[in-house]
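The block underneath contains the structure these notes are about, expressed in structure tokens.
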Amino acid sequence: MPPEIENVPVPTGRGQDAQRWMEYHGIVDTTPSIRSSDYEGVLHCPFQYYLSRRLGLSPALRWSKALSRGSWFHRRLELYRDTPEVAALAMEKMLQDRLEELEEICKTIGIKGESKDKVMERERRDFWCALGWYETAIHLETHQKIPTVHQFLIQDHFRYLGSEVGIRLHMPKTHRVGKVMLTGAYDILLYHEAQNIIFIVDAKTTSIDPEIRLMTCPLEFQTQHYMMVLKFAIESGQLQSQYDLPEDVGVGGM
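The numbering of the sequence shown is this note's numbering, which starts it at 65 and goes up by one.
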């Protein structure tokens, strides 16, 4: 007979009693790598950060308008170098894959009928809204003599390094038990060959005035984090070997 294990009572708070109860049920916290969304997540709700990042728990049908539409916008941006026809086929395939995934989730947790139809329709609506945003933003011409976003990105002096480029490395010179891991997922990396520097291209969707949103970009944690991770990756030689870049390549901006 296996030894009897003392039953851990249901916690009444969010402290050590909650930690012991979850560990008893096999949910053990970890020390995750630092990523750009962590700072705002901790400030918004430390307990939610603990659940989602340290325990890896999230609702199966987690949804927000901002996250859903922003994700579809980013997926379309990954294909900016493709022809409209090729990009349209790729996006349609992504949508069908996502709808099949939602079908399976709904089946697993017992969502049927009209409730399931609303979930599917919501995803389609977010998809088409994000595509509308993308086509408007990327090709918008202004009265000023400046290129559109698309024209800017495909300039000859830029060498495209990749989309959704993941960088994962230890923070250098950390003097503590267990090294601090840093991660970054870059929408686009472009190498300016004449200036020998790398630029980060990062899309932002917003429901507020875009000029106000833009003013926060240089100050927010993601900008500082992505620039720092890119700098560390260059200093370690990781990007030079991966993309055949000069040893003295530098960070251009974001």
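Every residue, glycine too, gets a C-beta built ideally from N, C-alpha and C.
- Looking only at Leu217, Leu195, Gln288, the smallest Cα-Cα distance to proline 148 is reached by Leu195.
- Taking leucine 115 as the centre and dropping the five residues before and after it, the same chain places the C-beta of Leu121 closer than 6 Å to its C-beta, in chain order.
- Between tyrosine 250 and tyrosine 290, the CB-CB gap stays under 8 Å.
- Nearest Cα to threonine 94 within the set Tyr103, Leu119, His108, Ser100: Leu119.
- Contact between valine 92 and arginine 84 does not hold, since the beta-carbon distance rounds to 11 Å and is not under 8 Å.
- Across the set Gln208, Phe191, Gln259, Thr212, the C-alpha of Thr212 shows the shortest separation from the C-alpha of alanine 201.
- Rounded to the nearest whole angstrom, the CA to CA distance from lysine 295 to leucine 303 is 10 Å.
- Between methionine 245 and serine 97, the CB-CB gap stays under 8 Å.
- Spatial neighbours of aspartate 81 in its own chain (CB-CB distance under 7 Å, excluding positions within 5 residues in sequence) are listed in chain order as Pro75.
- Look at the beta carbons and you see the stretch 201–210 not touching the stretch 147–165: under three pairs across the two are nearer than 8 Å.
- In the DSSP assignment, serine 128 falls outside any beta strand (DSSP E), carrying neither H nor E.
- In this chain, the alpha helix (DSSP H) harbouring valine 106 covers 102–108.
- Rounded to the nearest angstrom, the Cβ distance from valine 313 to isoleucine 262 is 6 Å, consistent with a contact under 8 Å.
- With respect to the C-alpha of phenylalanine 111, the residue from Gly79, Lys243, Gln259 having the closest C-alpha is Gly79.
- Secondary-structure assignment with DSSP links arginine 84 through no beta bridge to anything.
- With 16 or more other Cβ atoms inside 10 Å of its own Cβ, cysteine 170 counts as buried.
- The DSSP assignment places no complete beta strand (DSSP E) segment of no fewer than 3 residues inside the stretch 176–207.
- The stretch 268–279 makes contact with the stretch 122–134, as at least three CB pairs between them are under 8 Å.
- By the Cβ-count criterion, alanine 258 is exposed, with fewer than 16 other Cβ atoms from all chains shown falling within 10 Å of its own Cβ.
- The alpha-carbon separation between histidine 89 and methionine 279 amounts to approximately 45 Å.
- Taking 8 Å as the cut-off, the beta carbon of leucine 225 is found closer than this to the beta carbon of leucine 253.
- Nearest C-alpha to valine 315 among Val265, Val183, Glu167: Val265.
- Of the residues Tyr307, His234, Met292, Phe285, the one whose Cα lies closest to the Cα of tyrosine 255 is Tyr307.
- Phenylalanine 191 and leucine 159 do touch by the CB rule: their CB atoms are close to 5 Å apart, below 8 Å.
- Counting other Cβ atoms within 10 Å of its Cβ, glycine 317 stays below 16 and is therefore classed as exposed.
- The beta carbon of arginine 162 sits closer than 7 Å to those of Glu187, all from its chain and outside the five residues before and after it, given in chain order.
- Ranked by Cα distance from glutamine 219, the first of Tyr144, Tyr113, Ile175, Tyr103 is Tyr144.
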